[in-house]
Each structure stands twice: as structure tokens, then as C-alpha cells.
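Data block below; observations after.
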Amino acid sequence: MTSAGRFAPSPSGELHVGNLRTAILAWLFARSTGRRFLLRVEDLDRARAGSEAGQLRDLQAVGVTWDGGVVRQTARGPLYAEAISRLEAAGLTYECFCTRREIQEAPSAPHAPQGAYPGTCRNLDPAELEFKRSTRPAAIRLRAGAAEYTVRDLLHGEFTGVVDDFVLRRNDGVTAYNLAVVVDDAEQGIDQVVRGDDLLSSTPRQAYLASLLNIPSPEYEHVPLVVNNDGARLAKRDGAVTLQDLADAGTPPAAVRDRLLESLGLPAGPLAKALAAFDPNSLPRKPWVWSGP
Ligand SMILES: [Zn+2]
């Protein structure tokens, strides 16, 4: 399969300038390395009606185009189920009946990193298992054989992060993000993942899971986020941050695109021009402060 990069938004609202900047970067990384560029809608959770159409329109308005059709995660349940079955067959999963509160209140295992699942349900005996099954539906967790895992990121170098017995399928039946992402990237031939660096910390979990499924890890580029004046990750509450808001404030999409390109040290204008000048080594490594329309 041809190699590919991707942008994978969650249709939970409008994209803001931070999302659009990451999308432009993902497009530039893929196109500058001769990859296809795919669009995947991560709609397993928190999908809001109408969001997807608006997001696709906004991407096109700043010049981000993709190859082939749009893939939606809600249409891919059988692929995720198959991957979980493979892990189950290899003895790499277990049922977990914990509520969020029980996990928070459980004493953590010695040397366990902060926030790691304490392992409450890892070794239930058959009687306990039978009783718990009668009380509430189970989530499926990975039986991880490592506490940490190291990935290589083009911008961050080697990064070692926590691996714990993370959830593969929630107890409401929804596939967990970490499992879906790994399965989708592999199935779509995606070997380059460009996304915001707030996701770097979950990357070791995904790469570890990929290794258990005999999937080669993609190359990673976790790019700096756009932040507000207080240094916090940009959000809708920060005022006019969507293309629609900005157009209403007198800044048309092409001007927004140009500002985003300039923030990356790239020439304004159509993305093809930025592509010709694109050099990953000279990308800014710090968050970019959005100062308003
Ligand atoms: Zn549990």
C-alpha cells in the first residue's frame, strides 16, 4: 500500500485556527514526502450533527485537500472488534468492572505512574468474575506487559511515556480512541502521523499496542499547539477563533490561511507555494500565541 499521512478531526464542533494550523502542517508533511493525504473523521464519541460538513468545508477553504473519500470511524466497528479478538485470543485483555470513582479511590500499585489503572480487575478469580458480570457491563482492558514504551518523534526525538492497562473497549460498547487510531492508521496505510503535541503523551500507549498487533509504528511529528494570551491551549471560549467568526470579524479564510502560514515561517498564498518552501527543520518549536482577529 502507498504510504500516507492524515488529518483526523473529531466532529464535535467547529475547527478553530489551532486545528486548521495542524491540518495545514499535516498536509505539508505528507505532500512534501510524496505521501497520499487522507481524511478520517473520528466520530466514535462526542459527534455533533452538522459538525463534519462544516469541518470539511473549512479545511477546503484554507486549501487542505485530501485523496479519496472520507473515512468515518463509526463505519469501522468490525475492524476494531477483529483487533480486540486477536488480543483476546493472545491472552492480552481482561474485563474491567471499575467505575471511574473506584479507579480514582483505589490505592495505586507501588511505583505505578500517576493516573495509571491500578490493576483492580487484572486477576479476578472465576467466582468474582461471575459476580461482577452480573452487576454491570465490562470494559475491555489491555493486559500490558510493559510500564513504559519509547517512541521516536521527528520533532521531539526519543520520547518515553507511560503504558498501563488502558481501555480498548468501554463498558458502553464504544471502541476506545487508542485502539481505533492504531487499527485505522494500519488499515489505511498511514505511516506518518502529524498532530498536536498534546497527544505526544498517549503515543507510547498506541505504539506499544501497535507492536502487540504486529503493526509497524508510523513516523510521528507532534507539532506545537496554538495557545491564547495566557498560554493555554486555544479553545472556542477565546473569542473569534473559527473561520466563520473570523469572516464575520472581517478576516476572510484566505487571510486566515496566510496568517497561519506566516506563523510557521512560510510564504503566504496558496498551499502549493508554502509546500515549495517547506522545511521541517526550520519549523518553530514553540507554541504560537493567537492574538485575536
Ligand atoms: Zn477494573
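Numbering follows UniProt numbering, with no gaps: position 2 of the sequence shown is 2. Beta carbons are placed, not taken as given, at the ideal position from N, Cα and C, and that holds for glycine.
Classification of residue i by the beta-carbon crowding that lies within 10 angstroms, buried from 16 upward
i	result
V70	exposed
D230	exposed
A186	buried
E221	buried
N228	buried
D198	exposed
T242	buried
G18	buried
G63	buried
Q55	buried
Q104	exposed
R141	buried
F131	exposed
S291	exposed
G5	buried
D67	exposed
A81	exposed
P126	exposed
S134	exposed
E262	exposed
residue 354	This structure does not reach residue 354, given that the chain is present from 1 up to 293, and the question cannot be answered.
Delimiting residues of the alpha helix (DSSP H) encompassing residue i
i	result
Y117	No alpha helix (DSSP H) contains Y117, which DSSP labels as neither H nor E.
L212	203–212
residue 381	The requested residue 381 is not part of the displayed model; the chain covers only 1 to 293.
F131	126–135
A247	243–248
Near ligand 1: residue i beta-carbon under 7 Å from a heavy atom
i	result
F97	yes
T135	no
T120	yes
For residue i, the first and last residue of its enclosing beta strand (DSSP E)
i	result
F166	Here F166 belongs to no beta strand (DSSP E), and DSSP marks it neither H nor E.
A4	4–7
E148	148–153
G18	No beta strand (DSSP E) holds G18; the alpha helix (DSSP H) holding it covers 17–32.
V41	36–41
R257	Note, R257: premise wrong, no beta strand (DSSP E); alpha helix (DSSP H) at 253–263.
A277	Not the beta strand (DSSP E): A277 falls in the alpha helix (DSSP H), residues 271–277.
L199	Premise fails: L199 is in no beta strand (DSSP E) and is neither H nor E.
I140	139–142
H156	Note, H156: premise wrong, no beta strand (DSSP E); not H, not E.
V223	219–223
Nearest-angstrom beta carbon gap, residue j and residue i [assumed within contact, 8 Å]
i	j	result
V151	A207	5 Å
T2	G189	6 Å
L79	L212	The pair is not a contact, with the Cβ atoms about 16 Å apart (cut-off 8 Å).
G161	P107	With 8 Å as the limit, G161 and P107 do not qualify as a contact, their Cβ atoms being about 23 Å apart.
P293	L246	5 Å
V182	I215	7 Å
R143	Y94	6 Å
A47	S12	7 Å
In the region 51–109, which residue ranges form an unbroken beta strand (DSSP E) of at least 3 residues, counting only runs that do not cross its ends? 93–96
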